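In the numbering used here, the protein residues as written are 601 to 657.
In what follows, a structure is listed as structure tokens, so that the remarks can point back to it.
Given below as structure tokens:
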């Protein structure tokens with residue numbers, strides 16, 4: 601994996617850790633690919649945004 605990709609992967613893992621997320625199902629975050637991490641992170645952001653909108657109403 602190119603160094604930039606590895607840096608990006610570590611940045612996303614740190615964001616998960618800040619949210620209190622250490623695993624996805626039974627897999628540790630470092631076992632996931634960059635694409636898997638990015639996809640899951642975007643999914644979490646969408647869910648948080650949806651929940652925020654619902655609670656505002």
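Each residue gets a CB set at the ideal place from its N, CA and C atoms; glycine is no exception.
None of these values were measured; they are calculated from a predicted model.
Measure from the alpha carbon of residue i to the alpha carbon of each residue in the options, then state which is nearest.
| i | options | result |
| --- | --- | --- |
| residue 644 | 606, 624, 602, 610 | 624 |
| residue 638 | 602, 604, 608, 603 | 608 |
| residue 648 | 613, 619, 604, 612 | 619 |
| residue 611 | 641, 626, 627 | 641 |
| residue 601 | 614, 650, 632, 652 | 632 |
Please check if any C-beta of chain D sits within less than 8 Å of the C-beta of residue i.
| i | result |
| --- | --- |
| residue 623 | The chain labelled as chain D is not found in the depicted structure, where only one protein chain is given. |
Check this for me: beta carbons of residue i and residue j, under 8 Å apart or not?
| i | j | result |
| --- | --- | --- |
| residue 616 | residue 629 | yes |
Distance check for residue j and residue i, CA to CA, integer angstroms please.
| i | j | result |
| --- | --- | --- |
| residue 614 | residue 605 | 14 Å |
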